[in-house]
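One structure below.
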Amino acid sequence: MKTENGFEEIGKKTTLKVTEGFFEGISIDTLLKAKQRDQKRRKTLILWRTIAVAATLSGLFFLGYYRSENLNSEIKHIVQEDVSGLKSPGLQPETLASSHLVAESTITVAAKKFRLETPVAELSTVLSEMTNDELIQMAEIYKNDLFLGESPQ
Amino acid sequence: MIKNPVLKDKGFLLLMDRFKEPMYWHIRRLVISHVDAQDILQETFINVYRFSAKFKGESKLSTWIYRIATNECIKHFRKNSKKKNSGIITEKLIEELSGNDSENSEAIVMKFEKAIQSLPEKQRIIFNMRYYDELSYDVISEVLNSKVVTVKTNFHYASQKVKQYLSDHA
Chain A
2 MKTENGFEEI GKKTTLKVTE GFFEGISIDT LLKAKQRDQK RRKTLILWRT
52 IAVAATLSGL FFLGYYRSEN LNSEIKHIVQ EDVSGLKSPG LQPETLASSH
102 LVAESTITVA AKKFRLETPV AELSTVLSEM TNDELIQMAE IYKNDLFLGE
152 SPQ
Chain B
17 MIKNPVLKDK GFLLLMDRFK EPMYWHIRRL VISHVDAQDI LQETFINVYR
67 FSAKFKGESK LSTWIYRIAT NECIKHFRKN SKKKNSGIIT EKLIEELSGN
117 DSENSEAIVM KFEKAIQSLP EKQRIIFNMR YYDELSYDVI SEVLNSKVVT
167 VKTNFHYASQ KVKQYLSDHA
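Chains A and B are the protein sequences, given in the same order. Per the working numbering, the first sequence runs over residues 2 to 154. Per the working numbering, the second sequence runs over residues 17 to 186.
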């Protein structure tokens, strides 16, 4: 030992003891433990990744569902508002429903209002995100509505 | 070799054979208890196995392993200091040193080890690494992630305290 400490007489002697053969088996034992821990960690990692993917997919599904539901109810609301605005005391609902002109004008007004309230870019984004089924469903709303659709009456 | 997935196990065993004894004694001198030293040694090499791919070779391999071992020891100290009976644990460790006193061991060595054990945590680590493992101040500072001056100062204070302890208990 260097003389900088003044402990030369002590040297590196120690009173600590270790059992004989302790160092022989420890390498294999540690390797097995390390591999075991590695496998366990990998399994946990796979589980968490699966959970994360599932959570992301369900999140996207619910977001899409929520947006399409909102859009449908918004359109319905606008159409109903405009139809009630077009009603006059002298006209019966049957008369209004049979009139193509009224239906067309209602749709035009509704579309105008919708266009005013929704920016064009956003509307086109919404429409482009909608599936064919959703678009058909939206068209059905217009068709089947008592005041808008082409009723036989 | 340890970075290669195919040769990883073989490389790990070679590495362990090379470093297990010096690391064991480094840990043992810090924690005193054989059981704790064994656990910490295994934990150290499990971490070496786990993070071997992340070893960039910026420092020497021995320095890297020393750092892992020392950090594990520090973690062990923190865990023990949180326990309510941490004072009793320290006393037990010092008693354990007395228990190791066989006919062959000299009383002065035992006293010296007790003196080291009475040092504050950081000084004890630095003193052990410098005195027993003969590591340079640069390596110690790298292992502990502190400045060389700080290491030197701590070693100086530790030496003074050990000398004082020995003269007080002469």
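Ideal placement from N, C-alpha and C gives every residue a C-beta, glycine not left out. All of these numbers come straight from a predicted model, not from anything done at the bench.
Is there at least one Cβ from chain A nearer than 8 Å to residue i's Cβ?
i, result
"residue 125 of chain B", "yes"
"residue 119 of chain B", "The predicted position of residue 119 of chain B is uncertain, since its pLDDT is 49 and thus under 50; no value can be drawn from it."
"residue 158 of chain B", "no"
"residue 58 of chain B", "yes"
I want to verify the contact list: residues of chain A whose CB lies under 7 Å from the CB of residue i, in sequence order.
i, result
"residue 50 of chain B", "19"
"residue 37 of chain B", "24"
"residue 145 of chain B", "The contacting residues do not exist; residue 145 of chain B stays about 13 Å from chain A at best."
Chain B beta carbons: is any one of them nearer than 8 Å to that of residue i?
i, result
"residue 74 of chain A", "no"
"residue 16 of chain A", "yes"
"residue 159 of chain A", "One cannot answer for residue 159 of chain A here, as it falls past the ends of chain A, which runs 2 to 154."
"residue 43 of chain A", "no"
"residue 39 of chain A", "yes"
"residue 35 of chain A", "yes"
"residue 63 of chain A", "no"
"residue 27 of chain A", "yes"
Give the secondary structure of residue i by DSSP, where H, G and I count as helix, E and B as strand, and everything else as coil.
i, result
"residue 32 of chain B", "helix"
"residue 41 of chain A", "helix"
"residue 11 of chain A", "coil"
"residue 22 of chain A", "coil"
"residue 131 of chain A", "coil"
"residue 174 of chain B", "helix"
"residue 136 of chain B", "coil"
"residue 161 of chain B", "coil"
"residue 78 of chain A", "helix"
"residue 71 of chain B", "coil"
"residue 154 of chain A", "Any answer about residue 154 of chain A is weak, because its pLDDT of 46 lies below 50 and its placement is not dependable; what the coordinates show is given next. Residue 154 of chain A falls in the coil class under three-state DSSP."
Output, in chain order, the set of chain B residues within a Cβ distance shorter than 7 Å of residue i.
i, result
"residue 13 of chain A", "148"
Taking C-beta pairs closer than 8 Å, name the residues in chain A that residue i reaches, listed in chain order.
i, result
"residue 129 of chain B", "15, 16, 17"
Any idea if residue i is buried or exposed, counting beta-carbon neighbours within 10 angstroms, 16 or more meaning buried?
i, result
"residue 52 of chain A", "exposed"
"residue 175 of chain B", "buried"
"residue 25 of chain A", "exposed"
List, in order along the chain, the chain D residues whose C-beta lies closer than 7 Å to that of residue i?
i, result
"residue 25 of chain B", "Absent from the structure is chain D; the protein chains it does hold are A and B."
Report the neighbours of residue i on chain A: residues whose CB is nearer than 9 Å to its CB, in chain order.
i, result
"residue 142 of chain B", "Per Cβ cutoff of 9 Å: no residues; residue 142 of chain B is ~12 Å from chain A at best."
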